[in-house]
Structures are given as C-alpha cells and as structure tokens.
Amino acid sequence: MKLDEVTISRAILQTHAEIFSRYLELDIAIVGGGPSGLVCAALAAEEGRKVAVIEKKLSVGGGMWGGGMTFPRIVVQEEGRRLLDHFGIRSTLFQPGYYVASSVESVAKLTAAACDAGAEFFNLTSVEDVVIKGDGRVSGLVITSTPVEMTGLHVDPLTLSAKVTIDATGHDAVVAHCIKKKKGDITIHGESFMWAERAETNILDHTREIFPGVIACGMAANAVAGEARMGAVFGGMLLSGEKAAQIAQDQLNKM
Ligand code: 48H
Ligand code: FE2
C-alpha cells in the first residue's frame, strides 16, 4: 500500500484528541502507573468503571522494573500470591510464603491487564495541582505535559474531572503534597525507616481516603501515614491497589 506521512499524523492527532476529550470526565483518575496504580486500574476497569492512569514518565511500571537493586526480580509474600495468579504472573516458591517473579513480566502483565479491562493511559502527563470547589472535595486534576514541566516553559495546563482520585505516586505522594501546598489541612507524616513486615502489614490500613475525593495507595499511603518502607517485596503494593479499587467502587456506588 502507499503510505502518506500527513495521514499518519492526522490519524494520531484525531484519534488521540477524540480519546483524550472523552476521558476528560472520569469515574476514577489514577495518578501514577506503578504497581499499585496498575492493579487499581485493572481491577476498577474490570468492574466497568471509566478509568485513566496519568503517568508522568514515558513508561508505566514505576519502581517495579528494577526489582531489588537492579536485580529484575520481585518478592511477593503469601498474602499477595492470589493477585499474581489473577494477572497470570508466573512465580517460583523460594521458601514457604516467599514467591519470586520477574519484575519485567510483572509490569508487562499488570499493564496488559489494565489495557484489556479498558483502562486508558495518559503517559508523559504530570499532575501539578488539584481542583477543589465549594464542597471542599477534590473533583479534578490539573495536568501538564511532562516535557513542559521539565523545561519549565510557561505553558498553562489543562484540567480533567474525576469522581474519585487515587494518589498512586509512590514515595513522593504528589497529590497529597499538591493539597497540602495550597490548603495545608492534610498531614503528611513522611516515610519511615525500612521495616518490611510492619510496612507490609500496615499498608492496607493506610490505604484509605486521605482527603475528600482522594484515596492514597501503594507507597504514597505509607508516606502519608508515616509508615515504614519495605524494600523489594511487592505484595503490599498489589493488595493496596486492590483495596483502593474497592474503596473507590464503594464511593462510586454511593454517588
Ligand atoms: C503523574 C506521577 C507523578 C505526577 C509521580 O513509585 P511507584 O512504583 O509507586 P507504587 O506505590 O505503586 O509502588 C512503589 C514501589 O515501586 C516502591 O517504590 C517500593 C515498594 N519501595 C519500597 C522501598 O523501600 O523503597 O510508581 C509511582 C508512579 C511513577 O511511575 C511516577 O512516575 C508516577 O507515579 N508519578 N505521575 N503525575 N505528578 N509523580
Ligand atoms: Fe521504593
């Protein structure tokens, strides 16, 4: 067939503009495409919700690609194993309760599951602020192009609306910090020292609504709560993403 460069350009522009426009109004906006955000996206989309993952970087996967200290393997403890199975991520038993999976396979399969379930992805897109109106609830996100953010060019952002926002931005807890910077009425305790068992046990309690309209999950939940870190064990990230999807679903059902 003959190939026309302008048609290629128009195909990208028109298709993306249509999808972007459709996804400006969301049930659930997931900020951050690391493991917890991907699980949340996949499970919420499996329930039929209109979900988008907004990811600052070129690629989703966050801190999971590199496994532990660049060794591309992750450990998932007994409690998280059913989620590995749910997403078809292969694992080997190392010792009772300790399963080891490929970090690359894990990112790929979580991402594929979210895509298959109907979640949409906006990569190279940074959340820089939130929308809060008279009811005091976060009802949307202010987004910009990551290259614009990186270069510091003075370009104004766009805005999307979301019935529920998930802060899945990892150690930085960016959405929580956006709220704190302007309103100050949210306490971010900051992450504590390494203590895997404690961090992995408590992360589910910390996965909760941290501000009206915002649920923290993954490492962001522990950072807000002042909880320990856990190193390259990822069961808590998967389970936290699952819990965030359940809380979001409960909130949406009540609306
Ligand atoms: C859009 C943004 C923005 C922004 C950041 O860090 P992540 O992998 O997050 P989690 O919580 O799903 O997983 C944490 C895990 O990877 C980890 O670091 C662990 C277990 N650490 C233990 C330890 O001891 O260190 O992913 C967060 C994602 C990244 O892809 C960011 O690029 C993205 O969020 N992000 N996206 N707008 N403003 N800020
Ligand atoms: Fe980390």
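Heads up, the sequence shown stops at 256 in the working numbering, and the numbers go up one at a time, no gaps.
Glycine is no exception: its CB is placed at the ideal position from the N, C-alpha and C atoms.
{"Asked": "Buried/exposed call for N254, threshold 16 Cβ in 10 Å", "Found": "exposed"}
{"Asked": "Proximal residues to D130 (C-beta, below 8 Å), its chain only, five neighbours per side dropped", "Found": "L142, V143, P158, C179 and K183"}
{"Asked": "I13 at chain D interface by Cβ criterion, 7 Å", "Found": "Of the protein chains in this structure there is only one, and it is not chain D."}
{"Asked": "D168 burial status per 10 Å Cβ neighbour count (16 or more: buried)", "Found": "buried"}
{"Asked": "Meets three-Cβ-pair contact criterion under 8 Å: the segment 102-115 and the segment 60-75", "Found": "yes"}
{"Asked": "Boundaries (first-last residue) of the beta strand (DSSP E) holding L161", "Found": "L159 to D168"}
{"Asked": "Whether E201 touches A224 by CB criterion (7 Å)", "Found": "no"}
{"Asked": "Of the listed residues L154, E26 and A42, nearest to A118 (C-alpha basis)", "Found": "A42"}
{"Asked": "N-terminal and C-terminal residue of the alpha helix (DSSP H) that I248 is part of", "Found": "G236 to K255"}
{"Asked": "Paired residues, beta bridge with M231 - DSSP", "Found": "For M231, which the question treats as bridged, DSSP gives no partner whatsoever."}
{"Asked": "Of the listed residues M220, T160 and E47, nearest to I189 (C-alpha basis)", "Found": "M220"}
{"Asked": "Presumed contact (8 Å Cβ cut-off) between G242 and L39, rounded CB distance", "Found": "7 Å"}
{"Asked": "Length of the line joining the Cα atoms of L261 and A226", "Found": "Here the chain has residues from 2 to 256 only, and residue 261 is not among them."}
{"Asked": "Integer-rounded CB distance, given that I31 should sit under 8 Å from V52", "Found": "7 Å"}
{"Asked": "Inter-residue CB distance, L25 and S162 (contact presumed, cutoff 8 Å)", "Found": "7 Å"}
{"Asked": "The ligand 48H heavy atom lying under 6 Å from the CB of V7", "Found": "no"}
{"Asked": "Under 7 Å between C-beta atoms of G69 and A233", "Found": "yes"}
{"Asked": "Same chain, Cβ closer than 7 Å to Q252, five either side skipped, listed in chain order", "Found": "V165"}
{"Asked": "Residues sharing a beta bridge with D136, DSSP", "Found": "DSSP output for D136 lists no bridge partner at all."}
{"Asked": "Alpha-carbon to alpha-carbon, A245 and I133", "Found": "21 Å"}
{"Asked": "Residues proximal to the ligand SAM by C-beta, any heavy atom closer than 7 Å", "Found": "Of the ligands this structure carries, namely the ligand 48H and the ligand FE2, none is the ligand SAM."}
{"Asked": "As assigned by DSSP and simplified to three states, the class of A30", "Found": "strand"}
{"Asked": "Chain-order list of residues whose beta-carbon lies under 7 Å from that of G89 (same chain, five-residue window excluded)", "Found": "K110"}
{"Asked": "Between the CA atoms of A113 and G171 - distance to the nearest angstrom", "Found": "21 Å"}
{"Asked": "Inter-residue spacing [alpha-carbon to alpha-carbon] between S21 and A46", "Found": "Checking the sequence, you will find Phe at residue 21 rather than Ser. Those two C-alpha atoms are separated by around 17 Å."}
{"Asked": "Proximity below 7 Å, CB of G236 to CB of E121", "Found": "no"}
{"Asked": "Ordered list of alpha helix (DSSP H) runs contained in the segment 186-230, each at least 4 residues", "Found": "197-207 and 220-226"}
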